[in-house]
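Engineer: Numbering (full-length UniProt numbering), first residue to last: 11 to 361. First the structure, which I've put down as structure tokens, then a few questions once you've had a look.
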Ligand code: ADP
Ligand code: MG
């Protein structure tokens with residue numbers, strides 16, 4: 011019998027650990043943009059402008075008019091686990107900000123070259139600093155700056171050859187980026203968003219702060235979507251087991267599309283919920299078979315202690331307490347809305 015020697019266990023280099031972790035947080039250009047835009051929203055911005063070159067692989071630039079970053083915080087800004095948003099683990103139960111782990115900017119510095127230009131209120135000039143592998147490269151330089159922060163991500167995945175190749179082959183992330191910003195734009199109607207390709211004369215997403223969700227949807231998704239929407243609401247505040255509120259806009263029988271669009275925010279976080287999406291799709295196929303690929307915008311509000319935001323490295327998914335109950339309630343209101351609208355229509359057609 012040959013006894014095989016066990017392989018020796020050793021500690022990974024910190025730089026390797028960090029690069030592996032970064033690859034999980036920043037999976038593709040669009041994930042970097044999501045993190046940057048969420049930071050801008052957390053900073054109280056009212057205007058967020060994005061420029062993208064080569065699907066985000068060459069350049070991503072996000073400029074906002076938020077509160078800026080303090081000069082004395084710049085040295086640790088891009089270290090892993092540095093944040094202004096969370097202190098204790100318990101803070102997670104009531105967290106209102108999109109970010110909390112202090113990992114996004116750090117991650118970007120492990121897979122790209124990051125430059126930050128920022129100015130805080132009351133200052134005469136701003137500062138510019140650049141970062142690699144979690145570290146500031148040199149003392150921040152004083153520079154002219156307009157209100158807020160501008161973050162530039164250059165040569166994303168320059169040190170992850172396989173990732174870069176796959177992304178280059180699988181086509182441009184730009185449509186995904188436009189889709190992401192469209193979603194943000196219809197939820198955050200008080201914020202104006204723009205997104206353009208580097209050097210392009212006009213923006214592909216351009217939303218101005220508007221007074222209603224319908225106006226925002228019209229300007230981002232177009233008239234054909236906006237004119238065929240119905241408001242839906244659901245809530246359950248009597249049963250203490252599943253307190254929630256849902257406000258939404260869903261397409262009616264006149265809206266015909268090739269695929270479903272589901273824009274879901276839970277406690278103002280842009281998330282995916284496959285179970286809810288499926289539940290809604292089933293109702294549409296059963297009730298409005300011809301319009302079975304709906305446009306759905308829903309905003310769910312739950313007590314923050316009922317939402318676990320920390321289940322996915324990209325925070326794309328959250329887990330909810332009593333998810334089944336909530337989904338059933340939403341399914342029921344959507345169904346009754348669709349039936350009513352359909353009956354109204356049949357009635358109109360007959361008379
Ligand atoms: P997190 O958002 O989880 O705190 P990040 O790595 O995304 O972690 O950002 C680290 C910190 O940098 C934030 O907590 C915030 O204080 C600051 N920051 C990042 N982006 C901005 C911005 N656009 N405006 C103001 N502060 C920012
Ligand atoms: Mg963040």
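Here a beta-carbon is modelled for each residue, glycine too, at the ideal position from N, C-alpha and C. Predicted model, so just to flag it, every value in this text is computed and none were measured.
Going by C-alpha to C-alpha distance, which of 132, 162, 318, 13 sits closest to residue 59?
Structural biologist: That would be 162, whose Cα lies nearest to the Cα of residue 59.
Engineer: Compute every distance between the C-beta of residue 109 and the non-hydrogen atoms of ligand 2, then say whether any falls below 8 Å.
Structural biologist: yes
Engineer: Just checking residue 75 against ligand 2 - is the residue's beta carbon closer than 8 Å to any of the ligand's heavy atoms?
Structural biologist: no
Engineer: Tell me whether residue 18 sits in a helix, a strand or coil according to DSSP, three-state version.
Structural biologist: coil
Engineer: Are residue 259 and residue 239 touching if we call contact CB-CB under 9 Å?
Structural biologist: yes
Engineer: May I ask which residues mark the beginning and end of the beta strand (DSSP E) holding residue 148?
Structural biologist: Per DSSP, residue 148 lies in no beta strand (DSSP E) segment and is marked neither H nor E.
Engineer: Any heavy atom of ligand 1 closer than 8 Å to the CB of residue 280?
Structural biologist: no
Engineer: Please classify residue 158 as buried or exposed, where buried requires at least 16 neighbouring CB atoms within 10 angstroms.
Structural biologist: buried
Engineer: Quick one: any contact between the stretch 215-229 and the stretch 179-199, if contact means 3 or more CB pairs under 8 Å?
Structural biologist: yes
Engineer: How many angstroms separate the CA atom of residue 353 from the CA atom of residue 293?
Structural biologist: 15 Å
Engineer: For residue 68 and residue 168, I'd like the C-alpha separation in whole angstroms.
Structural biologist: 9 Å
Engineer: Go through its chain and collect everything with a Cβ distance to residue 361's Cβ below 6 Å, but skip five positions before and after it.
Structural biologist: Because residue 361 sits at a pLDDT of 46, beneath the cut-off of 50, its placement in the model cannot be relied upon, and the following sentence gives the value as read from the coordinates. No residues qualify anywhere along the chain.
Engineer: How many whole angstroms separate the CB atoms of residue 154 and residue 132, which I take to be in contact at a CB cut-off of 8 Å?
Structural biologist: The C-beta distance from residue 154 to residue 132 rounds to 16 Å, too long to fall under 8 Å, and the pair is not in contact.
Engineer: At a threshold of 8 Å, does residue 49 count as lining ligand 4 (C-beta to nearest heavy atom)?
Structural biologist: Among the ligands modelled here, namely ligand 1 and ligand 2, ligand 4 does not occur.
Engineer: Compare the Cα-Cα distances from residue 207 to each of 120, 188, 224 and report the closest residue.
Structural biologist: 188
Engineer: Taking the DSSP output, what are the residues bridged to residue 279?
Structural biologist: 276
Engineer: Mind checking whether the beta-carbon of residue 115 lies closer than 8 Å to any heavy atom of ligand 2?
Structural biologist: yes
Engineer: Quick one: does the C-beta of residue 45 sit closer than 8 Å to a heavy atom of ligand 2?
Structural biologist: yes
Engineer: Residue 84 to residue 337, Cα distance in whole Å?
Structural biologist: 44 Å
Engineer: Can you name, in chain order, every residue of its own chain whose Cβ lies under 8 Å from the Cβ of residue 80, other than the five neighbours on each side?
Structural biologist: 130
Engineer: Tell me whether residue 265 is buried or exposed, calling it buried when 16 or more other Cβ atoms sit within 10 Å of its Cβ.
Structural biologist: buried
Engineer: Kindly examine ligand 1 and report whether one of its heavy atoms sits closer than 8 Å to the Cβ of residue 106.
Structural biologist: Ligand 1 never approaches residue 106 closely enough for any of its heavy atoms to be under 8 Å from the residue's Cβ.
Engineer: How about residue 305 and residue 261: are their beta carbons less than 9 Å apart?
Structural biologist: When the beta-carbon positions are compared, residue 305 and residue 261 come within less than 9 Å of each other.
Engineer: Give the secondary structure of residue 123 by DSSP, where H, G and I count as helix, E and B as strand, and everything else as coil.
Structural biologist: strand
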